[in-house]
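> Pasting in a structure now, in structure tokens, and then I'll have a few things to ask.
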Amino acid sequence: MRNAWLFFRFAISWYLCLKVLLISFFGWGGVWPSIAWEKGLYTTEEWAEKQKLLYGYWNGETQCGKLSGNVIEVDKNYIKFWAEYEGKSSWEPGFINNKTGCDANLHSLPLRMSWPEMEPAGATYFSKRGNAWIEVGYRPSGLRGNDLRWLLDLDLERGHFRRLGGRDFDEALGLHRVVLESERGEPLKVGVHVFWWEVNGKVLFVAECSWRVSPQDMDDCSGSLALSEWGSFARIYFSSSLLGDWNLMVRQVRSFFIANLKINRGGK
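Okay, so the sequence shown: first residue is 2 according to this note's numbering, each after it adds one.
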């Protein structure tokens, strides 16, 4: 399931990038066949609603919904693309019949914000510190407790990867680490660093940073933490240059979630 979701994100990202490139070189005529094909999948009403999602023309100043029964409301300038509600994906015909708003269940809430200011990316796209930003995805989960040992095991035992050396502890970061290399036979060596924070035998944070050619050349990273008190899960996407800020990110992402919960918190 996790691999399927990563593939879906990858495919959609490349599809959108291809559209942008075609528009840049050939104008809107370059993507008209693609647009016409997409449009044929939806009713007129659905197509109009989809354009509102794509270009951010939804009503109101905030996006609101429930994550595991907890009502969260976020300034719409934080939203990356759009939130997904329970029901059909916005890429499927019939999605306009999904319930939306504060009483509806969110499937995902993707956000982009400047770092370390945690300001909306739409208002302050670049940070004063190194043009940095992070992306955060909040999702409901059925996790009990904050222990992410299961996720660490999945990352370490992924197929077609071998370990380069054993487990070590990075004193500067305060994180355990294992380095993996792909065995798929790519033209260039590629792999991933798996980092984790462990306290009293419980894994409270897991991050992975990809590398190419050499393990010293780290690329983008993603980190995960559980918000089990609210039945939710957060995933943070960031540049490897910000890895040293991981502890602050964990605190800030948790604090942001709490600050944007509405008072009724799903009756809790």
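The C-beta atom is built at its ideal place from N, Cα and C for all residues, glycine as well.
1. By a C-beta neighbour count over all protein chains shown, 10 Å radius and 16 as the cutoff for buried, is G224 buried or exposed?
2. Given 8 Å as the limit, is there contact between the stretch 202-222 and the stretch 111-123, that is, 3 or more CB pairs closer than that?
3. Helix, strand or coil, according to DSSP, for Q253 in the structure here?
4. Give, in chain order, every unbroken run of the beta strand (DSSP E) that is at least 3 residues long and sits entirely within the stretch 114-181.
5. May I ask you to list the residues that DSSP assigns as paired with T65?
6. On the three-pair Cβ rule with 8 Å, is the stretch 137-149 touching the stretch 223-237?
7. For K67 and K190, what's the separation of their Cα atoms in angstroms?
8. Give the C-beta separation of V195 and L181 to the nearest angstrom, bearing in mind that I take them to be a contact with Cβ-Cβ under 8 Å.
9. Check whether the Cβ of P117 sits closer than 8 Å to any heavy atom of the ligand SAH, and report yes or no.
10. Let me check one thing: in DSSP terms, what residues is N99 bridge-paired to?
11. I'd like to know if the stretch 233-253 and the stretch 215-223 are in contact, where contact means that at least 3 CB-CB pairs between them fall below 8 Å.
12. Helix, strand or coil: which one does DSSP assign to L244?
13. Which residues bound the beta strand (DSSP E) around E209?
14. Measuring only the C-alpha atoms, how far is V204 from L153?
15. With 16 as the cutoff for other CB atoms within 10 Å, does S233 come out buried or exposed?
16. State the start and end residues of the unbroken beta strand (DSSP E) segment that holds E199.
17. Label P111 either buried or exposed according to how many other C-beta atoms from any shown protein chain fall within 10 Å of its C-beta, with 16 as the threshold for buried.
18. Can you give the Cα-Cα distance for L244 and L174, rounded to whole angstroms?
19. Shortest alpha-carbon distance to P141 belongs to which of K263, A235 and N98?
20. Relative to the alpha-carbon of N78, which residue among R113, P94 and K89 has its alpha-carbon at the smallest distance?
21. Distance check for G95 and V75, CA to CA, integer angstroms please.
22. Suppose you measure from the CA of A122 to the CA of V137; what does that come to, to the nearest Å?
23. Can you find the residues in the same chain that come closer than 7 Å, C-beta to C-beta, to S183, ignoring five residues on each side of it along the sequence?
24. From the DSSP output, in three-state form, read off F258 for me.
Concretely, from the data shown:
1. buried
2. no
3. helix
4. Correct list: 134-141, 162-164 and 169-171.
5. In the sequence under discussion, the amino acid at residue 65 is Cys, which differs from the Thr named in the question. E74, per the DSSP bridge assignment.
6. yes
7. 42 Å
8. 7 Å
9. No copy of the ligand SAH appears in this structure; indeed no ligand is present at all.
10. Partner(s): none; N99 has no beta bridge.
11. yes
12. helix
13. K203 to R213
14. So the alpha carbons of these two residues sit roughly 8 Å apart.
15. buried
16. V191 to V200
17. The residue is buried, with at least 16 neighbouring Cβ atoms inside 10 Å.
18. Answer to the nearest angstrom: the Cα atoms are 8 Å apart.
19. Looking at the Cα atoms, A235 is the closest of the given residues.
20. R113
21. For V75 and G95, the distance between alpha carbons rounds to 25 Å.
22. Distance between the alpha carbons of A122 and V137: 12 Å.
23. H161, F162, V191 and G192
24. helix
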